[in-house]
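For reference, the structure is listed below as structure tokens.
2 protein chains.
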Amino acid sequence: MSKPILIVGGGPAGLAAASALSGIGQAAVLVEKEPRLGGAPILSGYAKLVPSGEWAKDAIGGMVSRVEANPLVKRHTGCTVTEFTGEPGAFRARLSNGTTLDVGAAILCTGFTHFDSVNKPEWGFGTYPDVVTTTQVEQMISSGKGIRCPSDGRKPERVAILLCVGSRDRQIGREWCSKICCTVSCNIAMEIREELPGCHVYIYYMDIRTFGLYETNYYWRSQEEFKVKYIKARIAEVTSDGQKLIVKGEDTLVKRPITIPFDMVVHAIGMDPNVDNKRLSSVFGIELQQQGFVGKASSYASLGETSRRGVFVAGAATGPETIDDSIAQGKAAAIAAFALVGGAAAVARVA
Amino acid sequence: MSKPILIVGGGPAGLAAASALSGIGQAAVLVEKEPRLGGAPILSGYAKLVPSGEWAKDAIGGMVSRVEANPLVKRHTGCTVTEFTGEPGAFRARLSNGTTLDVGAAILCTGFTHFDSVNKPEWGFGTYPDVVTTTQVEQMISSGKGIRCPSDGRKPERVAILLCVGSRDRQIGREWCSKICCTVSCNIAMEIREELPGCHVYIYYMDIRTFGLYETNYYWRSQEEFKVKYIKARIAEVTSDGQKLIVKGEDTLVKRPITIPFDMVVHAIGMDPNVDNKRLSSVFGIELQQQGFVGKASSYASLGETSRRGVFVAGAATGPETIDDSIAQGKAAAIAAFALVGGAAAVARVA
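Residue numbers (our numbering), protein chains in the order written: chain G, 1074 to 1424; chain Z, 1074 to 1424.
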């Protein structure tokens, strides 16, 4: 039997890779640094996901349950890889829990780290309790508690969602676009309007990036069916008059300054490179991109490969990514890794 | 030996699926309606691809050569599937060339059809020879002939690229965003500026959707390194004063009408559903989405599945898609199809 394939990270990409490998009879070992599997959608308590509309706890939670019940997938949680040596087909990994694994290949599905809004202090997070992040709104929804102002528990009557917090922002060293926050924000805006039909929801944007078929299902639907309002603006700061939050900036379409009161302001936070990427780079001997995401081959013939042969990468580890493409990339890396360890022939030889 | 897997469509997704399957020892049969493999990048003569920067003829051409040299991939070109019956694991496909195939599963990688700019007549395509499409500019570059005005062969001094031609346009029944035309246009603009450093290139946009890491490599690089100019505008029409093309519309940031002369106007054309989708839907017994793209499962657990079990789908068949994600989806569908036909165990049983 060919050696198992090591998968690092138990979010959507890693779960997809593990399921795909076990589905074709190939053993895998999944190592997750957190005590639970599921990645950001589970650990951060996401609500309904884009674009499937499934609840995270059902969709990604279901992937977790299936992996946990799968005898072909060994799991090590609360655990990291501390050493990775050897050659393609014959790697050896040491884990922080003392385990040593002989594996044929590795797939890094190590995801991203949410941008921490305290790094954008002029937009009020950390100063005003009713300035929250998209992740916090997801938690309000998924917990069943509903959309409430953290300061006093009231239902907000006016909510502003500010896009590109920690994205497209050179001032704070984050030039990239986080790809999915526009669509996630459209989705959250609809959820707020559904729960609180009297609440006015405004989205402040630079460019609305509801690419592909998201255009209809999120951008137009949120406006036409849910009456969400979109304002192209440059936001300067979020302050308070003691009663309301005040969003100040410039409406870039009418070229006028705006000063608008809200009950709640939501930061659509972006995706940072995983904070562990430097350590991962060192342990696995792989290169990072200039922004700090895991480097991937640019050639179409070797998509999903890192700078080290036999070490693959999938999902948001390589840059901001959607859940469905993370899943596709996890499966794509799985078949590439399976080919490397010998494919069906290797299984056949020992069968 | 398990039955081969049928792949319909020989573009990036189909080639990736075929390579991935053969790489793990699984036979595939690739059916392509055109006389040659390669899909849009080869058949439409694309130049340097986004985001790999590779020439289409090298990158996708290389994938074609490897598939053509691969004994595990049988090919039928200039040929369509006319009948598809049976059950998962035991389908029978009849081809227009008279062949009958017994296959275990099918993957539809049938791609898209370029929007035909004559359906947007007020923007001058078909009326003025120097109004061209992004595909035509790609051909000018990939053929080595360079960027020239079709009317008289001169080098243009001023080029306008109009985004969202056949996208985000309800007037002509195409509400979706075509996802990659913004980034492709940034890329083409840089190519024009590289060949003709004296040429001024303007991009007229609604929203610039250079999502994820494209933001740095295309949007900012095109402005800072290549001096491409971006104007947020609503274009009303493209006319001519007899010497120059005239782009008329409104600059939506300064709320002023614009009337600007150009030597060449480029339509950034979008992705329509494949014109054959109704026939495909009927032959394979699968549902289409409301826009006419192939329907895909919305659940993360069954991504890449169609409404018919055992028939998978990947790439731009399901909606506007990038080449790299089409490739990832092709491979993801491959491993799912391989699992369906029995995975490694099935190969092992008969080995």
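All residues carry an ideal CB built from backbone N, CA and C; glycine is no exception. Nothing here was measured: the structure is a model prediction, and the numbers come from that model.
| Item | Value |
| --- | --- |
| What did DSSP end up calling methionine 1439/Z once you bin it into helix, strand or coil? | As shown, chain Z starts at 1074 and ends at 1424. That puts residue 1439/Z outside it, with no answer to give. |
| In or out: glycine 1241/G buried (at least 16 other Cβ within 10 Å) or exposed? | Checking the displayed sequence, the identity of residue 1241/G turns out to be arginine instead of glycine. Under this definition arginine 1241/G is a buried residue. |
| Measure from the alpha carbon of valine 1348/Z to the alpha carbon of each residue in Thr1289/Z, Arg1381/Z and Gly1392/Z, then state which is nearest. | Gly1392/Z |
| Does the beta-carbon of glycine 1403/Z have 16 or more other beta-carbons within 10 angstroms, so that it is buried, or is it exposed? | buried |
| On the DSSP bridge assignment, give the partners of lysine 1121/Z in chain order. | Trp1128/Z |
| Could you pull the start and end residues of the alpha helix (DSSP H) that alanine 1412/Z belongs to? | 1396-1413 |
| Quick test of your reading: valine 1146/G and lysine 1076/G, contact by CB under 8 Å. State the CB separation rounded to the nearest angstrom. | The pair is not a contact, with the Cβ atoms about 14 Å apart (cut-off 8 Å). |
| Write down every uninterrupted run of the alpha helix (DSSP H) in the stretch 1313-1400 of chain G whose length is 4 residues or greater and which is fully enclosed by it, in chain order. | 1350-1357 |
| If you measure from the beta carbon of serine 1125/Z to each beta carbon in chain G, is any gap under 8 Å? | yes |
| Three or more C-beta pairs closer than 8 Å, one from the stretch 1249-1263 of chain G and one from the stretch 1274-1291 of chain G: is that the case here? | yes |
| Compute the Euclidean distance between the alpha carbons of tyrosine 1201/G and serine 1313/G, then round it to the nearest angstrom. | 8 Å |
| If you compare alpha carbons, which of Leu1168/Z, Gly1159/Z and Gly1126/Z is closest to arginine 1381/Z? | Gly1159/Z |
| For the alpha helix (DSSP H) that glutamate 1268/G lies in, which residues bound it at each end? | 1254-1268 |
| Would you mind telling me which residues of chain Z sit closer than 9 Å to phenylalanine 1335/G, beta carbon to beta carbon, in chain order? | Here the premise fails: no neighbours, minimum Cβ distance about 24 Å. |
| For chain G, check one thing: does any of its Cβ atoms lie closer than 8 Å to the Cβ of tyrosine 1291/Z? | no |
| Measuring CB to CB, does isoleucine 1133/G end up less than 8 Å from alanine 1101/G? | no |
| Have a look at Ala1120/G, Gly1096/G, Gly1084/G and Pro1085/G and flag the residue whose alpha-carbon is nearest the alpha-carbon of isoleucine 1408/G. | Gly1096/G |
| Going along chain G in order, which residues have a C-beta closer than 9 Å to the C-beta of alanine 1407/Z? | Lys1404, Ala1405 and Ile1408 |
| Look at the alpha carbon of threonine 1283/G and the alpha carbon of proline 1144/Z, and state the distance between them as a whole number of angstroms. | 42 Å |
| Strictly by DSSP, which residues pair up with lysine 1300/Z? | Paired residues: none, contrary to the question. |
| Which residue comes first and which comes last in the alpha helix (DSSP H) that contains leucine 1116/Z? | 1112-1116 |
| Note down the Cα distance separating leucine 1236/Z from lysine 1218/G, rounded to an integer number of angstroms. | 43 Å |
| I'd like the list of long-range same chain contacts for arginine 1231/G, defined as Cβ closer than 6 Å, with 5 residues on each side in sequence excluded. | His1273, Phe1335 and Asp1336 |
| Starting from threonine 1208/Z, follow the alpha helix (DSSP H) in both directions and report where the run begins and ends. | 1207-1215 |
| What does the alpha-carbon distance come out to for the pair alanine 1120/G and threonine 1395/G? | 15 Å |
| What is the rounded straight-line gap between the Cα of arginine 1247/G and the Cα of glycine 1239/G? | 6 Å |
| Which residue's Cα is closest to the Cα of valine 1414/Z: Ala1089/Z, Gly1098/Z and Ala1086/Z? | Gly1098/Z |
| Is it buried or exposed, glutamate 1105/G, if we count other Cβ atoms within 10 angstroms and call 16 or more buried? | buried |
| What is the DSSP secondary structure of arginine 1221/Z, reduced to helix, strand or coil? | coil |
| Taking the C-alpha atoms as reference points, what is the distance between valine 1204/G and arginine 1109/G? | 29 Å |
| Could you spell out the range, first to last residue, of the alpha helix (DSSP H) harbouring alanine 1090/Z? | 1085-1096 |
| So which residues on chain G does proline 1330/Z lean against when the C-beta distance must stay under 7 Å? | Correct list: empty, because the minimum Cβ distance to chain G is about 15 Å. |
| In this structure, what does DSSP give as the bridge partners for valine 1137/G? | Paired residue(s): none; valine 1137/G is not in a bridge. |
| Going by C-alpha distance, which of Ile1400/G, Leu1376/G and Phe1198/G is nearest glutamate 1127/Z? | Leu1376/G |
| Decide if glutamate 1310/G is buried, meaning its Cβ has at least 16 other Cβ atoms within 10 Å, or exposed. | exposed |
| By Cβ distance below 7 Å, which residues in the same chain neighbour cysteine 1182/Z in space, the five residues on each side in sequence not counted? | Ile1080, Val1081, Gly1082, Gly1084, Ala1086, Gly1087, Ala1090, Ala1387, Gly1388, Ala1390 and Gly1403 |
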